[in-house]
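Before any comments, here is the structure.
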Amino acid sequence: MGTRRVRRKDGEFTLFYRKVSPFSNHHPAEFDCGESINFEETKHFSCSEQYYMYNKASLLEDRQLMKSVLEADNPRAMKSMCSKGALNGWSDSVWNEHKENVMYIGSCAKYRASQHLRYALFLTTGSKLVECAPFDNVWGIGIDLKEAVSNESVSIKSGMNLLGKILDRVREELWEDKEYQDERKEVERRLNQDKDYLMNAMKHIDLIYKDRATRRYLMSKGHMSSDDQSYLTTSVRSLFPEWALPPPIEKDEPIRPSPPQIINFPRTPPIRSTRSITPPPKESRLFGRLSVGDTRRRESRSSSRFTWERRVEVEAEVEDVKTEKGAEVDRKATREIERGDDVTAEVKVDRNHQRIVRDPKKKKNGSIEKRRSLIRREIVPEVVQDLEDQNQKKNDEEFEKSEKGPKRRRKKEDVNREHLRHPPRKLFKI
1 MGTRRVRRKD
11 GEFTLFYRKV
21 SPFSNHHPAE
31 FDCGESINFE
41 ETKHFSCSEQ
51 YYMYNKASLL
61 EDRQLMKSVL
71 EADNPRAMKS
81 MCSKGALNGW
91 SDSVWNEHKE
101 NVMYIGSCAK
111 YRASQHLRYA
121 LFLTTGSKLV
131 ECAPFDNVWG
141 IGIDLKEAVS
151 NESVSIKSGM
161 NLLGKILDRV
171 REELWEDKEY
181 QDERKEVERR
191 LNQDKDYLMN
201 AMKHIDLIYK
211 DRATRRYLMS
221 KGHMSSDDQS
231 YLTTSVRSLF
241 PEWALPPPIE
251 KDEPIRPSPP
261 QIINFPRTPP
271 IRSTRSITPP
281 PKESRLFGRL
291 SVGDTRRRES
301 RSSSRFTWER
311 RVEVEAEVED
321 VKTEKGAEVD
331 RKATREIERG
341 DDVTAEVKVD
351 RNHQRIVRDP
361 KKKKNGSIEK
371 RRSLIRREIV
381 PEVVQDLEDQ
391 NQKKNDEEFE
401 KSEKGPKRRR
411 KKEDVNREHL
421 RHPPRKLFKI
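Going by the UniProt record's numbering, the first residue of the sequence shown is number 1, and it counts up by one from there.
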């Protein structure tokens, strides 16, 4: 989702959620730590979530589970390994005595090991860190990040926010540490020059780590060979010292990237198409309409991985949407209809998204002019859209090979056969 610093009547807050934020437990951050429950072995961790789940396994003294957590490359997989249902002999009352201290030790090790993450943490000074986890009232506040930013009437104190309080504690400890006095003075110097420095710097922190999350995913899929750090623009370099900028992304990182879920602040408005003689048809795989579920999935995907102003050019084979050509077709069809006097043209949209214009003057001859409608994608970069289509196609192929595949294929063929026998028709009068 992202990171955002906001000013409210009850103070300033730094809101964050998901691994695109540097303050998330799932954010990639390598560090070494030798403090764990029942064991004093120094291990290498790829994120603070891995350290937290490792201590769950060490509490039960399960060596095999500890090894599995260290070998896992996905924070969600680590979490599922150590869920309540997967652990034998688990006791919440015993773990509750250790969990906050475990998270504190892991967070300290994370920010001590990474200079750029530590500087980002220092930029939250003067505010309270809040994890906007919509389904977690213990570590978060149980409110979605988008709602917390846009609606000031929403109470941020609705949950326990344990993670935010622990990060506040870690920040204050590192802020007073003599080892990091130079970094503290740098923040104070820039703050004296500009009173809104912390607010502006946090906006750029949000953009930097969103772009890094997208590049990390594209590099894992082979669509990018290396990280050229083009997101570190001149304005970004003027806001941060050189040593506080994140290093280039390595191609083989211990955390397996996944498609980032991002909210841009403010939300990029959709680009309106040129004049059209019909309402823009909605995309459909089968019936020419989007179901409620498809609409929700598309809305969740509409948060752009790249902003339009800072799109990263990627060498990848993507579908070329010729908007100018489509707009010209629309304008031409509109002019043809407007030339008729008191002519009511009927327009149908078939399931292939073709616009069929029937002119009553030409109806006797049976001539039908077809116009291909301009189908605009929602605000989703073509590269990410293409990657998601490839993943969906791969999942469909794997399902076809399973036992349930032939049954679903027969059912789909019956539906298609029935649809061709009785195709849906929609008429719009102009």
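The C-beta atom is built at its ideal place from N, Cα and C for all residues, glycine as well.
Cut-off 7 Å between Cβ atoms - residues of its own chain near residue i, not counting five sequence neighbours on either side
| i | result |
| --- | --- |
| Ala57 | Leu65, Met66, Val69, Cys82 |
| Ala144 | Inspection of the sequence shows that residue 144 is occupied by Asp rather than by Ala. Correct list, in chain order: Cys132, Pro134. |
| Arg190 | Tyr197 |
| Trp243 | Gln115 |
| Asn161 | Val130, Glu131, Gly140, Ile141 |
| Tyr111 | Leu117, Arg118, Leu121, Val170, Leu174 |
DSSP three-state assignment for residue i, whether helix, strand or coil
| i | result |
| --- | --- |
| Phe13 | strand |
| Arg184 | helix |
| Glu131 | strand |
| Arg190 | helix |
| His116 | helix |
| Ser230 | coil |
| Phe39 | strand |
| Phe23 | coil |
| Asp32 | strand |
| Phe45 | strand |
| Asn391 | helix |
| Met53 | helix |
| Cys108 | helix |
| Met78 | helix |
| Leu123 | coil |
| residue 435 | With the chain covering only 1 through 430, there is no way to say anything about residue 435. |
| Pro241 | coil |
| Leu145 | helix |
| Asp136 | coil |
| Ile156 | helix |
| Met103 | helix |
| Leu59 | helix |
| Pro259 | coil |
| Asn96 | helix |
| Ile402 | Reading off the sequence, residue 402 comes out as Ser, not Ile. If DSSP states are grouped into helix, strand and coil, Ser402 belongs with coil. |
| Ser225 | coil |
| Arg372 | Residue placement at Arg372 is flagged as unreliable, the pLDDT there being 39, under the threshold of 50; the coordinate-derived value follows with that caveat. Reduced to three states, the DSSP call for Arg372 is strand. |
| Ser83 | coil |
Residue i beta carbon near the ligand NAD (any heavy atom closer than 7 Å)
| i | result |
| --- | --- |
| Ser21 | As far as ligands go, the structure on display features none, and thus does not contain the ligand NAD. |
Spatial neighbours of residue i in its chain, beta-carbon cut-off 8 Å, leaving aside the 5 residues before and after
| i | result |
| --- | --- |
| His98 | Ile37, Asn55, Leu59 |
| Trp90 | Leu60, Lys84 |
| Asp194 | Asn200 |
Distance, residue j Cα to residue i Cα
| i | j | result |
| --- | --- | --- |
| Leu123 | Pro406 | 56 Å |
| Arg184 | Glu398 | 53 Å |
| Arg171 | Val187 | 13 Å |
| Leu15 | Cys108 | 20 Å |
| Tyr217 | Asp182 | 34 Å |
| His44 | Thr233 | 33 Å |
| residue 469 | Asp92 | Absent from the structure is residue 469, since the part of the chain shown begins at 1 and ends at 430. |
| Cys33 | Lys128 | 26 Å |
| Asn192 | Met199 | 13 Å |
| Asp136 | Leu163 | 11 Å |
| Glu71 | Phe31 | 15 Å |
| Glu40 | Ser150 | 46 Å |
| Gly106 | Leu245 | 22 Å |
| Glu12 | Gln390 | 42 Å |
| Tyr119 | Ala148 | 25 Å |
| Ala77 | Val94 | 23 Å |
| Val102 | Leu167 | 13 Å |
| Gln229 | Leu87 | 42 Å |
| Val6 | Met202 | 10 Å |
| Pro254 | Gln392 | 25 Å |
| Arg301 | Arg169 | Its pLDDT being 42, under 50, Arg301 is placed unreliably by the model, and nothing is read from it. |
| Ser225 | Pro75 | 25 Å |
| Gly220 | Leu207 | For the record, residue 220 in the displayed sequence is Ser; it is not Gly. Each residue's alpha carbon lies about 20 Å from the other. |
| Tyr209 | Tyr231 | 9 Å |
| Thr3 | Pro241 | 20 Å |
| Asp177 | Thr125 | 14 Å |
Residue i - containing alpha helix (DSSP H), residue span
| i | result |
| --- | --- |
| Thr214 | 197-220 |
| Leu87 | Counting along the chain, Leu87 falls outside any alpha helix (DSSP H), and DSSP gives it neither H nor E. |
| Val69 | 63-71 |
| Lys165 | 162-176 |
6 Å Cβ shell around residue i - same chain, five flanking residues per side excluded
| i | result |
| --- | --- |
| Asn25 | Ser48, Glu49 |
| Gly142 | Ser158, Gly159 |
| His27 | Lys19 |
| Ala213 | Val20, Pro260 |
| Glu61 | Asn38 |
Residue range of the unbroken beta strand (DSSP E) whose run includes residue i
| i | result |
| --- | --- |
| Val6 | 2-8 |
Chain C contact for residue i (CB, 8 Å cutoff)
| i | result |
| --- | --- |
| Met224 | In the displayed structure, chain C is absent; only one protein chain is listed. |
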